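Numbering (UniProt numbering), first residue to last: 1 to 500. Idealized CB from N, CA, C, for every residue including glycine. As the structure is a prediction and not an experimental result, all values here were calculated from the model.
Here it is in structure tokens:
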């Protein structure tokens with residue numbers, strides 16, 4: 001058998017089905033290529049089937065050996081060959097350049113994602129419609145819940161739930177429902193096939209007493225987490241979000257720390273890990289957090305705010321909720337498309353990332369961020385244009401050039417390229433001016449630059465014919481003769497690139 005590097009190798013084993021195999025049978029496998037060893041947990045998938053999934057981090061021949069307390073499984077061996085990755089497979093995403101992300105092969109990754117919380121728990125036709133819509137819109141990350149959502153705007157009750165019921169109406173976390181979790185597997189695999197990162201939200205507070213899944217004990221958390229990680233961690237597109245609006249849960253902060261520690265210990269691949277807030281920010285400086293997943297629309301309502309998170313946490317900042325385009329009465333769901341796109345551009349010139357969501361009411365009184373479907377709003381096309389601009393950055397990411405005293409919030413790669421956002425109402429002209437930061441390549445007299453006008457709403461790129469040559473370089477700024485004529489009042493950004 002041949003599996004590409006960073007793909008998913010899966011072996012199916014026959015074993016005992018009596019009693020409670022989820023609890024009673026321990027199963028792991030150690031994979032070795034002669035130089036490196038990786039041990040992964042296996043899991044019970046129902047009907048006497050046990051699965052082991054493994055993602056080879058390097059090409060070559062890999063052998064494995066099963067360890068189990070079940071005599072029929074212990075000591076089983078096998079192997080496979082890992083080939084070079086195919087086109088489009090750049091490997092899992094990791095932190096790069098402190099504030100940014102890159103795939104394992106070094107290809108930069110710029111998240112421009114969206115959110116559909118209850119996506120996996122919809123009827124098949126709506127599930128597929130959402131998948132197609134997210135793909136066509138060009139989003140490269142999707143946030144969704146493992147446990148079904150209750151409360152407001154829920155138009156569909158799923159047929160399956162994650163665990164068996166106990167006699168008293170609670171949940172037997174030691175008896176997961178394999179068919180439920182197969183749906184989660186399938187969702188992650190479907191996103192992987194489309195080149196989309198799966199931001200898996202492990203816990204959430206949106207049960208509202210409807211199902212009781214928000215009342216697990218710490219021991220139940222640990223049991224559930226081990227099973228989920230065994231099933232999903234081999235998929236290279238998995239990100240872990242411990243919870244959405246974690247501070248709505250009635251749990252002490254130390255309990256979340258414990259879940260983070262467990263996740264870090266049992267995930268053999270070190271997938272990205274974060275947690276999303278409601279009112280109280282988690283301490284993202286803690287070592288088990290890879291990036292900050294933050295809810296704060298105010299942070300990108302004006303320039304100069306979101307950049308402060310970089311200084312506070314010195315990790316990638318993903319503003320995973322900045323309010324949504326929609327028409328709900330709730331304040332979090334009634335942004336105009338122009339305002340949402342504006343906030344994405346402010347995030348970009350702050351050196352951080354943002355996530356999209358849509359909250360127009362549908363005929364069932366549900367919302368896209370809950371149930372999915374086709375997008376109704378007009379922001380996704382503009383965000384696809386932004387993603388194109390980000391993909392064309394020749395470097396790991398965009399960083400503030402002079403964060404101390406630059407009211408233009410210019411980002412870029414010092415000396416090479418700059419991106420400046422002039423806001424939703426551009427002036428009629430712009431005199432050539434660049435900030436000079438204290439880090440990176442220094443500007444010099446004689447450096448030459450070309451300018452492109454980016455209309456962020458109409459999604460056009462207009463090159464300026466003139467080449468601008470620096471004739472003055474000071475300690476904090478550099479200028480060149482001439483000015484760029486702009487469409488006054490339009491939503492404009494400028495891309496300024498050095499001419500070699």
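Exposed or buried, residue i, counting other C-beta atoms within 10 Å across all chains shown (16 or more means buried)?
{"i": "residue 141", "result": "buried"}
{"i": "residue 199", "result": "buried"}
{"i": "residue 250", "result": "exposed"}
{"i": "residue 485", "result": "exposed"}
{"i": "residue 458", "result": "exposed"}
{"i": "residue 218", "result": "exposed"}
{"i": "residue 298", "result": "exposed"}
{"i": "residue 237", "result": "buried"}
{"i": "residue 275", "result": "buried"}
{"i": "residue 128", "result": "exposed"}
{"i": "residue 462", "result": "exposed"}
{"i": "residue 71", "result": "exposed"}
{"i": "residue 407", "result": "exposed"}
{"i": "residue 18", "result": "exposed"}
Counting only the same chain and skipping the five closest in sequence on each side, list residues whose C-beta sits under 6 angstroms from that of residue i.
{"i": "residue 158", "result": "121 and 148"}
{"i": "residue 374", "result": "133"}
{"i": "residue 183", "result": "120"}
{"i": "residue 244", "result": "201, 204 and 276"}
{"i": "residue 33", "result": "60 and 62"}
{"i": "residue 364", "result": "155"}
{"i": "residue 498", "result": "416 and 449"}
{"i": "residue 2", "result": "81 and 83"}
Nearest by alpha-carbon distance to residue i: which of the options is it?
{"i": "residue 428", "options": "50, 493 and 2", "result": "493"}
{"i": "residue 7", "options": "48, 269 and 395", "result": "269"}
{"i": "residue 35", "options": "235, 63 and 450", "result": "63"}
{"i": "residue 242", "options": "406, 184 and 264", "result": "264"}
{"i": "residue 322", "options": "390, 339 and 498", "result": "339"}
{"i": "residue 294", "options": "309, 287, 29 and 302", "result": "309"}
{"i": "residue 362", "options": "126, 25 and 395", "result": "126"}
{"i": "residue 302", "options": "226, 343, 453 and 156", "result": "343"}
{"i": "residue 422", "options": "346, 74 and 86", "result": "346"}
{"i": "residue 13", "options": "20, 67 and 38", "result": "67"}
{"i": "residue 138", "options": "416, 329, 110 and 254", "result": "110"}
{"i": "residue 117", "options": "144, 130 and 106", "result": "144"}
{"i": "residue 163", "options": "124, 225, 51 and 411", "result": "225"}
{"i": "residue 388", "options": "213, 106, 296 and 454", "result": "454"}
{"i": "residue 215", "options": "240, 472, 232 and 246", "result": "246"}
{"i": "residue 304", "options": "330, 367, 437 and 348", "result": "348"}
{"i": "residue 171", "options": "44, 65, 420 and 223", "result": "223"}
Report all residues from its chain with a CB closer than 8 angstroms to the CB of residue i; omit the five preceding and five following residues, and keep chain order.
{"i": "residue 446", "result": "469 and 470"}
{"i": "residue 307", "result": "350, 351, 352, 400, 403 and 409"}
Using a Cβ-Cβ cut-off of 7 angstroms (strictly less than) and excluding sequence neighbours within five positions of residue i, which residues of its own chain qualify?
{"i": "residue 134", "result": "114, 142 and 196"}
{"i": "residue 378", "result": "337"}
{"i": "residue 324", "result": "332, 333, 335, 357, 358, 359 and 369"}
Does any residue of chain D bring its CB to less than 8 angstroms from the CB of residue i?
{"i": "residue 74", "result": "The chain labelled as chain D is not found in the depicted structure, where only one protein chain is given."}
If residue i and residue j are in contact, beta carbons under 8 angstroms, what's the gap, nearest whole angstrom?
{"i": "residue 341", "j": "residue 460", "result": "The Cβ separation is near 14 angstroms, so there is no contact."}
{"i": "residue 234", "j": "residue 55", "result": "4 angstroms"}
{"i": "residue 42", "j": "residue 29", "result": "6 angstroms"}
{"i": "residue 93", "j": "residue 103", "result": "6 angstroms"}
{"i": "residue 319", "j": "residue 289", "result": "Not a contact, Cβ separation roughly 15 angstroms."}
{"i": "residue 22", "j": "residue 176", "result": "6 angstroms"}
{"i": "residue 240", "j": "residue 272", "result": "7 angstroms"}
Just reading off the beta strand (DSSP E) that residue i is part of, what are its end residues?
{"i": "residue 163", "result": "163-165"}
{"i": "residue 343", "result": "No beta strand (DSSP E) contains residue 343, which is instead part of the alpha helix (DSSP H) from 337-348."}
{"i": "residue 60", "result": "60-68"}
{"i": "residue 208", "result": "Careful: residue 208 lies outside any beta strand (DSSP E) and carries neither H nor E."}
{"i": "residue 356", "result": "353-356"}
{"i": "residue 5", "result": "No beta strand (DSSP E) holds residue 5; DSSP gives it neither H nor E."}
{"i": "residue 229", "result": "First-last for residue 229: 218-232, but that is the alpha helix (DSSP H), not the beta strand (DSSP E)."}
Can you tell me where the alpha helix (DSSP H) holding residue i begins and where it ends?
{"i": "residue 128", "result": "124-137"}
{"i": "residue 256", "result": "253-266"}
{"i": "residue 11", "result": "Taken as a continuous stretch (DSSP letters only), residue 11 belongs to no alpha helix (DSSP H), being part of the beta strand (DSSP E) at 9-14."}
{"i": "residue 311", "result": "307-313"}
{"i": "residue 191", "result": "178-193"}
{"i": "residue 371", "result": "368-371"}
Taking 7 angstroms as the cut-off, is the C-beta of residue i nearer than that to any heavy atom in the ligand GDP?
{"i": "residue 472", "result": "For the structure depicted, the ligand GDP is absent and the ligand set is empty, with no information on it obtainable."}
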